[in-house]
Amino acid sequence: NSDTESSSYDGDQHLLDYAKSALLESFSLRHGRLGPRHVDTFETLNSLAAVYLRLNDLPEAKRAYSEVLAVRSVVFGRGHPSVAVASHALGGVLMRMGEWEGAVDHMEYALKVCKGKRMGLRDGHPMVEKIGKEMRTLERIMVGA
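Per the working numbering, the very first residue in the sequence shown carries number -6; after that it's consecutive.
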């Protein structure tokens, strides 16, 4: 069974490495031809950030999600749902890196956007519940640290 798990892991690793390579090339082309603020460019970077996260390359995931958050904030406005998603993703990366205060800041911001006028999500909504659960985990960690 461990041989099966190992070969599955190797296959996943190979696919993630391939995805990373393809997304890096795609991002470079789109950035050069469309510019950094084009939706296709920063959505490619968002996909690349997710691959970095799956590869456990947290510094690169942090860098990429930070850039996605910055560009989405400029293009769509700070209260846009995609900004909440990016802030939440970045908060999750920071949480995994042990950067608790930054994680809390981004989770709080994501929650603020989710509950704001534009999205209007209420307590009980899956996104609100997920962020709330992660924030409670962060609070427990920070109290114990």
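Even glycine gets a Cβ: it sits at the ideal position worked out from N, Cα and C.
{"Item": "Simplified DSSP assignment, three categories, for N49", "Value": "coil"}
{"Item": "Nearest neighbour of E127, chosen from L114, H99, R115, K108 [CA to CA]", "Value": "H99"}
{"Item": "Cα-Cα separation, A35 to N49", "Value": "It should be pointed out that residue 35 corresponds to Phe in this sequence rather than to Ala. Rounded to the nearest angstrom, the two C-alpha atoms are 21 angstroms apart."}
{"Item": "Residue burial classification, K110 (beta-carbon count within 10 angstroms, cutoff 16)", "Value": "exposed"}
{"Item": "Contacts around A57, its chain only, beta-carbon distance under 8 angstroms, and the 5 residues preceding and following it disregarded", "Value": "L38, N39, L41, A42, Y45"}
{"Item": "Length at least 4, wholly inside the stretch 39 to 89: the alpha helix (DSSP H) runs in chain order", "Value": "51 to 69"}
{"Item": "Close Cβ partners of M135 (< 7 angstroms) along its chain, the five nearest in sequence each way excluded", "Value": "W93"}
{"Item": "Assigned secondary structure, D116 (DSSP; H/G/I helix, E/B strand, else coil)", "Value": "coil"}
{"Item": "Range of the contiguous alpha helix (DSSP H) that encloses G95", "Value": "93 to 108"}
{"Item": "Own chain partners of K55 with C-beta closer than 6 angstroms, once the 5 adjacent residues on each side are dropped", "Value": "V86"}
{"Item": "7 angstroms CB neighbourhood of F69 in its chain, flanking five on each side removed", "Value": "S75, V76"}
{"Item": "Contact under 8 angstroms by Cβ, V61 with A79", "Value": "yes"}
{"Item": "Supposed contact pair R30 and V64 - C-beta distance, whole angstroms, cut 8 angstroms", "Value": "6 angstroms"}
{"Item": "Classification of Y102 by the beta-carbon crowding that lies within 10 angstroms, buried from 16 upward", "Value": "buried"}
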